[in-house]
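Visitor: Here the sequence shown is numbered in the working numbering, starting from 1180 and rising by one per residue. Below is one structure. I have some questions about it.
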Amino acid sequence: MIKNILEVWIDSNILGDLQRIGTLYHEHGHLRFEYLHEWLNHPGCFNIDPDLSLVDILTHLKEGDS
């Protein structure tokens, strides 16, 4: 079983510091994304893609999105 995990960070002057916002998972040809609780509670949080709602669940990315 191959599972790749990638931390997702944002470096923005607006936010001040480098912010880890979530985790991208790749397993068996499928991509999933999960926002961190800390990012969802951050006063400056925003969704990084229209298909990635600000929810506290794993989001399965549609085929062709990556």
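Note that the Cβ used here is the ideal one computed from N, Cα and C, for glycine as well.
Span of the alpha helix (DSSP H) holding His1216?
Guide: 1216 to 1219
Visitor: Return the Cβ separation of Glu1213 and Thr1202 in integer angstroms, given the expectation that the two are a contact with Cβ distance under 8 Å.
Guide: 5 Å
Visitor: Over the uninterrupted beta strand (DSSP E) stretch that includes His1205, give me the two end residues.
Guide: 1198 to 1206
Visitor: Just how far apart, CA to CA, sit Asp1196 and His1205?
Guide: 27 Å
Visitor: Can you tell me where the beta strand (DSSP E) holding Ile1189 begins and where it ends?
Guide: 1182 to 1189
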